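Chemist: In the working numbering, the protein residues as written are 1 to 499. Even for Gly, the Cβ is constructed at its ideal location relative to N, Cα and C. Just so we're clear, the structure is a prediction, and the values are computed from it rather than from any experiment.
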């Protein structure tokens, strides 16, 4: 009977553990299982101040963002891109909708997935294609193969790898704007993972205290690289962090582009009218890995498909446009065709551009060719190499002369202008000149394959160098031995002093 009770208690305990796990798992993955209670397909917010022309322009930017990403993935698979490819699949509406609510003079600091915001701010696709392809006409001149560049005229400061660090940069932009009496708003886009960094805290807190018109947008896409949100932050909602800084906090459906615009419009008005900073949490989802190399093995089965089928931002917006009679399917298809043609033409322009000339490599090649006796026209470098002969022989003879003078005649005084403390230091400096010069010249003649007379000439030069080093070492050792010699008269005087 006693063992039966043990079995019952054990079974009950296991049941409690399993139920607790299931409860917490469902709670943690509530975002994944998010559905409308009426099972109706998701659309967009109906109330909007946007005109029909603006709504269609939003659609153009939205499709341009996704189609641009599709092209970069294609280029990556064709081995035309050497850098990483970071797509915004599934969260395009957040970047496009929020940036669309800004004015021309406003600044943005986007993330690697906010290419849509960059397009809205006026950066044309060929510029970013040139960056990715490493072309000479790219803003970074092929020193970087991401859109890590800036266009201050258009209010765009490119992202960097350090998470959250663009928030303090935007506070600096706003401080400068305040001193210049410029009416600017600045936006810093971050992922939810970056909100756990010190840079986030310092930047948002400083902007809050200074009442700077900074809008920080947390794109909560479910994963900080491969870490689920629940494993890197215990807060139920990231927007709650706004309370601690004393600033306005707003939440928006990041896959509803109309809601993103209207929420951002409210935030911009709040910030621009002197009410201080704003923190926005956009609820969205990243349907691709951190980059193309990320296979998303950490994502639960079925999660990506669920979001693709039920909460795609483009599907929702197309449903909104057609249901509300704003545009027909044919009109939307025409916009897509126009965007496709435009992007392909922009890509062609970027691909036709030249790669940068390897200037540094060419200079090195010229030096090597001179050493090999192949360069005949670069007279300045040839003269420089020939001067090494004179330096080599003159320095060797000077070291030998100084050493012999000190050995047979006496101490040689060193002039003040030589910037050395004594003769030994002077000889040491000369010796350190000889060694590298000798090595370079010997290598040059060896590679050139000179005749017997030239070889004899350099053989004598090397012999002089060896003789100079030997004389220097002999004199140095003699000086040390002289210092160690016993001098009876000095010892007797010292003994008398002691007594």
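How do the segment 284 to 300 and the segment 348 to 356 stand: do at least 3 beta-carbon pairs fall below 8 Å, yes or no?
Modeler: no
Chemist: Between the alpha carbons of residue 211 and residue 156, how many angstroms are there, rounded?
Modeler: Along the chain shown, one-based indexing puts residue 211 at 211. Along the chain shown, one-based indexing puts residue 156 at 156. In a straight line, the C-alpha of residue 211 is about 22 Å away from that of residue 156.
Chemist: What are the boundary residues of the beta strand (DSSP E) that includes residue 253?
Modeler: One-based indexing of the chain shown puts residue 253 at position 253. Its beta strand (DSSP E) spans residues 248 to 253.
Chemist: Would residue 186 and residue 175 qualify as a contact pair, given that the criterion is a beta-carbon distance under 7 Å?
Modeler: Mapped onto the chain shown, residue 186 falls at position 186. Mapped onto the chain shown, residue 175 falls at position 175. Taking 7 Å as the Cβ cut-off, residue 186 and residue 175 do not qualify as a contacting pair.
Chemist: Can you tell me the Cα-Cα spacing of residue 286 and residue 302, whole angstroms?
Modeler: Counting from one through the chain shown, the residue named residue 286 turns up at place 286. Counting from one through the chain shown, the residue named residue 302 turns up at place 302. Straight-line Cα distance between these residues: approximately 14 Å.
Chemist: Along the alpha helix (DSSP H) that carries residue 84, what are the first and last residues, could you check?
Modeler: Counting from 1 along the chain shown, the entry for residue 84 is found at position 84. Careful: residue 84 lies outside any alpha helix (DSSP H) and carries neither H nor E.
Chemist: Taking a contact to mean a Cβ-Cβ separation below 7 Å, would you say residue 94 touches residue 254 in this structure?
Modeler: On the chain shown, position 94 is the one that residue 94 refers to. On the chain shown, position 254 is the one that residue 254 refers to. Yes, these two residues count as a Cβ contact at 7 Å.
Chemist: If the criterion is Cβ atoms closer than 7 Å, does the pair residue 200 and residue 208 meet it?
Modeler: Numbered from its first residue, the chain shown carries residue 200 at position 200. Numbered from its first residue, the chain shown carries residue 208 at position 208. It is not a contact, given that the beta carbons lie outside the stated cut-off.
Chemist: State yes or no: is the C-beta of residue 93 nearer than 6 Å to some heavy atom of the ligand MG?
Modeler: The ligand MG is not part of the structure shown, which contains no ligands of any sort.
Chemist: Please report how far the alpha carbon of residue 228 lies from the alpha carbon of residue 205, in whole angstroms.
Modeler: As a working mapping, residue 228 is identified with position 228 in the chain shown. As a working mapping, residue 205 is identified with position 205 in the chain shown. Whole-angstrom Cα-Cα distance: 26 Å.
Chemist: Whole angstroms is fine: what's the gap from residue 248's alpha carbon to residue 121's?
Modeler: Counting from one through the chain shown, the residue named residue 248 turns up at place 248. Counting from one through the chain shown, the residue named residue 121 turns up at place 121. Rounded to whole angstroms, residue 248 to residue 121 spans 25 Å at the Cα level.
Chemist: How long is the line joining the alpha carbons of residue 260 and residue 45, rounded to whole angstroms?
Modeler: The residue you call residue 260 lines up with position 260 of the chain shown. The residue you call residue 45 lines up with position 45 of the chain shown. Taking the straight line joining both Cα atoms gives about 9 Å.
Chemist: What does DSSP give as the partner residue(s) for residue 224 in the beta ladder?
Modeler: As a first step, residue 224 must be located in the chain shown, where it is residue number 224. Answer is 227, bridged to residue 224.
Chemist: May I have the straight-line CA-CA distance separating residue 73 from residue 322, to the nearest angstrom?
Modeler: Counting from one through the chain shown, the residue named residue 73 turns up at place 73. Counting from one through the chain shown, the residue named residue 322 turns up at place 322. Cα to Cα, residue 73 sits roughly 30 Å from residue 322.
Chemist: Are the beta-carbon atoms of residue 125 and residue 159 separated by less than 7 Å?
Modeler: To locate residue 125, count along the chain shown from 1; it is residue 125. To locate residue 159, count along the chain shown from 1; it is residue 159. Contact flag unset, no.
Chemist: Are the segment 256 to 272 and the segment 309 to 322 touching by the rule of at least three beta carbon pairs closer than 8 Å?
Modeler: Counting C-beta pairs closer than 8 Å gives three or more between the segment 256 to 272 and the segment 309 to 322, which meets the contact rule.
Chemist: What are the boundary residues of the beta strand (DSSP E) that residue 107 is part of?
Modeler: As a position in the chain shown, residue 107 is number 107, starting the count at 1. That run of the beta strand (DSSP E) goes 107 to 109.
Chemist: Closest by CA to residue 97, which one among 331, 346, 272, 267?
Modeler: Numbered from 1 along the chain shown, position 97 holds the residue referred to as residue 97. Considering only alpha carbons, the answer is 267.
Chemist: Distance check for residue 169 and residue 238, CA to CA, integer angstroms please.
Modeler: For this step, residue 238 is matched to residue 238 along the chain shown. For this step, residue 169 is matched to residue 169 along the chain shown. Going by the C-alpha atoms only, they are around 22 Å apart.
Chemist: Assign residue 216 to one of three DSSP states: helix, strand, or coil.
Modeler: Numbered from 1 along the chain shown, position 216 holds the residue referred to as residue 216. Strand at residue 216.
Chemist: Is it right to say residue 103 is buried, meaning 16 or more other beta carbons lie within 10 angstroms of its own, or is it exposed?
Modeler: In the chain shown, the residue the question calls residue 103 occupies position 103. Per the 10 Å Cβ criterion, exposed.
Chemist: For residue 57, which residues of its own chain have a beta-carbon under 6 Å away from its beta-carbon, when the five flanking residues on both sides are left out?
Modeler: As a first step, residue 57 is located in the chain shown; it is residue number 57 there, counting from the start. Apart from sequence neighbours up to five positions away, no residue of its chain approaches residue 57 with a beta-carbon distance below 6 Å.
Chemist: So for residue 28, helix, strand or coil by DSSP?
Modeler: For the purposes of this step, residue 28 is identified with residue 28 of the chain shown, where counting begins at 1. Its pLDDT being 40, under 50, residue 28 is placed unreliably by the model, and nothing is read from it.
Chemist: What are the boundary residues of the alpha helix (DSSP H) that includes residue 259?
Modeler: Translated into positions along the chain shown, residue 259 becomes position 259. Per DSSP, residue 259 belongs to the alpha helix (DSSP H) from 257 to 270.
Chemist: Could one say the Cβ of residue 234 lies closer than 7 Å to chain B's Cβ atoms, at least one of them?
Modeler: In summary, chain B is missing from the structure at hand, where a single protein chain is found.
Chemist: Since residue 184 and residue 106 should fall inside the 8 Å C-beta cutoff, what is the C-beta to C-beta distance between them, to a whole number of angstroms?
Modeler: Residue 184 sits at position 184 when you count from the first residue of the chain shown. Residue 106 sits at position 106 when you count from the first residue of the chain shown. At roughly 6 Å, the Cβ-Cβ gap stays under 8 Å, so residue 184 and residue 106 are in contact.
Chemist: Check whether the Cβ atoms of residue 263 and residue 219 lie closer than 7 Å to each other.
Modeler: Within the chain shown, residue 263 is the residue found at index 263, counting from 1. Within the chain shown, residue 219 is the residue found at index 219, counting from 1. Going by C-beta atoms, residue 263 is not nearer than 7 Å to residue 219.
Chemist: Once you ignore the five residues that flank residue 162 on each side, which residues in its own chain have a CB closer than 8 Å to its CB?
Modeler: Within the chain shown, numbered from 1, the residue matching residue 162 stands at position 162. Cβ contact annotation for residue 162 (same chain, cutoff 8 Å, sequence separation greater than five): 199, in chain order.
Chemist: Under 8 Å, with one C-beta from each stretch per pair, do the segment 75 to 88 and the segment 329 to 340 reach the 3-pair mark?
Modeler: no
Chemist: By Cβ distance, which residues of its chain are closer than 7 Å to residue 242, with the 5 residues on each side in sequence left out?
Modeler: Here residue 242 corresponds to residue number 242 of the chain shown, with the count starting at 1. Excluding positions up to five away in sequence, the list reads 248, 249, 279.
Chemist: Go to residue 281, then tell me how far its beta strand (DSSP E) extends in each direction, as first and last residue.
Modeler: Locating residue 281 in the chain shown gives position 281, where the first residue counts as 1. The continuous beta strand (DSSP E) containing residue 281 extends over residues 278 to 283.
Chemist: To which residues of the same chain is residue 61 closer than 8 Å at the C-beta, ignoring the five residues directly before and after it?
Modeler: In the chain shown, counting from the first residue as 1, residue 61 sits at position 61. Hits under 8 Å: 96, 100, 116, 119, 120.
Chemist: Considering only C-alpha positions, which residue in the set 282, 265, 306 is nearest to residue 49?
Modeler: For this step, residue 49 is matched to residue 49 along the chain shown. Looking at the Cα atoms, 265 is the closest of the given residues.
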